[in-house]
Amino acid sequence: MHIRNAIVAGTALVQTAVAASVQAKNVIYIVPDGYGPASQNMARDLASLIETGTTGSNPEIHELAVDDLAIGRVRTHSANNMITDSAASGTAFASAHKSYNGAISVTPDGSPVGSILEAAKLGGMKTGLVSTTSITDATPAVYAAHVANRGSQPLIAEQMLGLSHPLGPVVDLLLGGGRCNFVPSTTSGSCRSDDLNLLDWAEEEGWSVSTNRDEFNTLKKGLGRTQLPILGLFAQGSMRYEMDRKVEQDEPSLLEMGQTAINALHRATRKGRKGYFLMIEAARIDHAGHASDPANHAIETWMYNDLIAWVRKWIDQHPDTILLSAADHETGGLTLNGYDPLPLQNATHSAEYIQNLWNSDAPADAAARRSFLIDTILPASGLSGLSDAEIDTILDASSVSTAIASILSSRAGVDWSTGGHTSVDITLHGYAAGRKRRNLKADLAGGWDNTELPRYVEDVLGLDMDAVTRKLVKAAGEDDAWLGKRDLVGRDLEHEHEHWH
Ligand SMILES: *[C@@H]1O[C@H](CO)[C@@H](O)[C@H](O)[C@H]1NC(C)=O
Ligand SMILES: [Zn+2]
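For the sequence shown, my numbering begins at 4 and goes up steadily by one.
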């Protein structure tokens, strides 16, 4: 049991206690990045419409998997801002310390802090990270890297594979996007400025590397012959939004990657006493929120619920495993104001896809441009029956996709109060099988600071994060170049975070 003192709002001293009455072999933590309370309503009503065909004042409500898993709520402010970014919030959840926006598991004075995943690895467990965006982006990075600036993704990639991590490789499975940080600068689309080829290096070190859908298929959802460690990087940057992916089908889905990770980690640990810690990020709920892209935000949220549904069933069959799930922050200031999902029903592509299509294919001639908008772009957005004035507004807008998303939002009764994050508390969800579920709920009922949650997981798994911190601080020692502090020089993280997810 941990009893700690937390300074809240700078003045009041509040004593908090996180005591785990639950013990488990495995913990799965799912982060729906940028998911707020309204995201769930929005997804549920759209799912109900699509599955039951009813909407309006008398809908047949189709419950989603997360709906009855709410346990508590979580405060998310960072060390330097009421509104957090994913790096500061991730550092709080992964490593139990408040830090500044942009920090990857380092404290405000730049000192590394051990994560729950690193503690799990040092405690003999297996570990995994999965994300639908770059695996080196903030939410996964905080578990297996320590750098001053979240923008240092090439450095994060090196640490995640163990190349420059003082504790060696701490992750056994990495699945997601962000390949550009692993390939040398000579490769087209690379995000590196050196000629390090981390894919080759990983293969030499014994990682099974896959970089496309066909190679992913050979993993057979984690039930094939492939052994850990597994590295799968299926896009240069973010992976496709689910709506776009359904049409293009060249990348695995969030659910497929989650299943693969759980099966592979389970198979590697089932015979022993030690289990696994796995973090899965549904990253692009946040991106669709930044884009004020309503159908996309709802569908990404629905896919998160589909993953949770599968994990719930898994846990019913594997009661030595518990699930926790909480967003890092809300995105978009989303409000449902007379919401009706009907206008979102026919959308088949994200605003991002639509904008790319417009940029590459829209003809220069005005009449042909208008026809291209009406015949190709609008059907993909799901909008129909627009007035001539609305079409003129879209054609005159600086961003066609933003104008379309705005009309779609207003038709559906969806308001976005910001293109960034908000400081609204987020919901904590949890699941365990049988009697454990009641204990988990009793343990976590109430309101928590985001730094308190990993202390709970630490208790559940019997781990020691502070011991990892001591090792890291010792390793940081004289030569702390690996912490990437040079990447902070001349940067104003306080304001830069506004451009970050
Ligand atoms: C969706 O598409 C169907 C079939 O084309 C059409 O009948 C319906 O009116 C469309 N719904 C909306 C809200 O545009
Ligand atoms: Zn964001």
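Just so it is clear, CB atoms sit at the ideal spot from N, CA and C, and this is done for glycine as well.
Because the structure is a prediction, the values reported are computed rather than measured.
- Proximity of the segment 69 to 84 to the segment 97 to 104 meets the contact definition, three or more beta-carbon pairs being nearer than 8 Å.
- Pro40 carries a helical assignment under DSSP once its states are collapsed to helix, strand and coil.
- Here Leu347 is buried. Its C-beta has 16 or more other C-beta atoms within 10 Å.
- In the three-state reduction of the DSSP assignment, Lys129 falls in the strand class, which pools E and B.
- Look at Arg248 here: in three-state DSSP terms it is helix.
- Under DSSP, Trp451 takes part in a beta bridge, and its partners are Val77.
- In this structure, Ala291 sits near Asn299, with a CB-CB distance shorter than 8 Å.
- The three-state secondary structure of Ser191, taken from DSSP, is coil.
- Distance from the Cα of Gly465 is smallest, within the candidate group Leu178, Tyr279, Arg438, for Tyr279.
- Close CB contacts of Gly225 within its chain, under the 6 Å cut and outside five residues either way in sequence, are with Thr263, Asn266, Ala267 (chain order).
- Inter-segment contact for the segment 184 to 199 and the segment 245 to 254 is absent: fewer than three beta-carbon pairs are separated by less than 8 Å.
- Under the three-state reduction of DSSP, Met85 is assigned to coil, being neither helix nor strand.
- Listed in chain order, the non-local C-beta contacts of Arg414 below 7 Å within the same chain comprise Pro346, local neighbours out to five positions each way being set aside.
- Between ligand 1 and the CB of Leu345, the shortest heavy atom gap is smaller than 7 Å.
- Residues of the same chain with a CB within less than 8 Å of the CB of Asn340, apart from the 5 flanking positions on each side, are Gly416, Val417, Asp418 in chain order.
- CA-to-CA, the gap between Arg47 and Pro344 works out to about 10 Å.
- Counting C-beta pairs closer than 8 Å gives three or more between the segment 104 to 114 and the segment 145 to 165, which meets the contact rule.
- Under the DSSP assignment, Asn200 falls outside any beta strand (DSSP E); it carries neither an H nor an E label.
- The C-alpha of Val314 is placed about 36 Å away from the C-alpha of Gly113.
- Relative to His432, the option among Ser24, Val174, Tyr38 whose CA is nearest is Tyr38.
- Each of Asp469, Met242, Thr405 was checked against the Cα of Ala354, and the nearest Cα belongs to Thr405.
- Annotation for Tyr356: Asp247 place their beta carbon closer than 6 Å to its own, counting only its chain and skipping 5 residues before and after.
- Under the 8 Å Cβ criterion, the segment 308 to 327 counts as touching the segment 26 to 34, having at least three qualifying pairs.
- With contacts defined by Cβ atoms closer than 8 Å, Lys444 and Ile74 form a contacting pair.
- Under the three-state reduction of DSSP output, Trp210 falls in the coil class, being neither helix nor strand.
- Within the same chain, and ignoring the five residues on either side of Ala238 in sequence, the residues whose Cβ sits closer than 7 Å to its Cβ are Gly180, Arg182, Glu254.
- DSSP places Met163 inside the alpha helix (DSSP H), whose first and last residues are 156 to 164.
- A distance criterion of 7 Å places the beta-carbon of Gln348 in contact range of ligand 1, judged by its closest non-hydrogen atom.
- For Tyr32, the uninterrupted beta strand (DSSP E) segment begins and ends at 29 to 35.
- For Trp361, the enclosing alpha helix (DSSP H) starts and ends at 354 to 364.
- Looking at the backbone, the Cα of Val25 and that of Lys439 are separated by about 6 Å.
- The C-alpha of Asp309 lies about 10 Å from the C-alpha of Ile302.
- In this structure Pro35 is buried. Its beta-carbon is surrounded by 16 or more other beta-carbon atoms within 10 angstroms.
- About 5 Å separates the Cβ atoms of Thr135 and Leu257, confirming a contact at the 8 Å cut-off.
- Counting of Cβ neighbours within 10 angstroms places Gln230 among the exposed residues, the total staying below 16.
- At a cut-off of 7 Å, the beta-carbon of His293 counts as near ligand 2: some heavy atom of the ligand is closer than that.
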